[in-house]
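Q:
In the working numbering, the protein residues as written are 27 to 172.
Structure, rendered in structure tokens:
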């Protein structure tokens, strides 16, 4: 299983003299875009093919759990309260996914990213029933169902 991903391998280049960037400062050299590099999950990561599959499916599994769980909790504990909880879950897990890195105890970045994406999926799944019901509840009675 080989994927093409983009890694920052910089190739220096120069722009014409007098070119101005968005700060208003003149540019003389600027690193160019990254070149694509192939990553082989099977050889570079233990259980690479399985971790790649879990990485892709983790958000969907979390989504399923979030829809059912937040649907039930929204009915029992209040929709506005649960809407705030799932929103916080989505924000925290999005930041966690962006800052994911391999751990010292041997967990690869694929494992850590899968965990963050699973919990992000729970938040996304909770957003589906919560946002639809809250929107319809706060809509004017005259315009409901239109």
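Using N, Cα and C, we set each Cβ at its ideal position, and we do this for glycine too.
What you are looking at is a predicted structure, and each value in this text was computed from that prediction instead of being measured.
In this structure, does DSSP put residue 166 in helix, strand or coil?
A: DSSP places residue 166 in coil when its eight states are reduced to three.
Q: With a threshold of 8 angstroms, are at least 3 pairs of Cβ atoms found where one atom belongs to the stretch 148–167 and the other to the stretch 103–120?
A: In short, these stretches touch, since the Cβ pair count reaches three.
Q: Rounded to whole angstroms, what is the Cα-Cα separation between residue 114 and residue 138?
A: Distance between the alpha carbons of residue 114 and residue 138: 19 angstroms.
Q: Using 8 angstroms as the limit for Cβ to Cβ distance, is residue 78 near chain D?
A: Of the protein chains in the structure, only one exists, and it is not chain D.
Q: Rounded C-beta distance between residue 146 and residue 116? I'm assuming under 8 angstroms.
A: About 6 angstroms separates the two Cβ atoms, so the contact holds.
Q: Would you mind reading off the limits of the alpha helix (DSSP H) that contains residue 122?
A: First-last of the alpha helix (DSSP H) with residue 122: 105–124.
Q: Would you report the Cα separation of residue 140 and residue 95, rounded to the nearest angstrom?
A: Distance between the alpha carbons of residue 140 and residue 95 is about 20 angstroms.
Q: Only counting the same chain, and skipping five residues up and downstream in sequence, which positions put a Cβ closer than 7 angstroms to that of residue 84?
A: If we look at residue 84 and ignore the five residues flanking it on each side, its Cβ neighbours are 140, 143, 144, 147.
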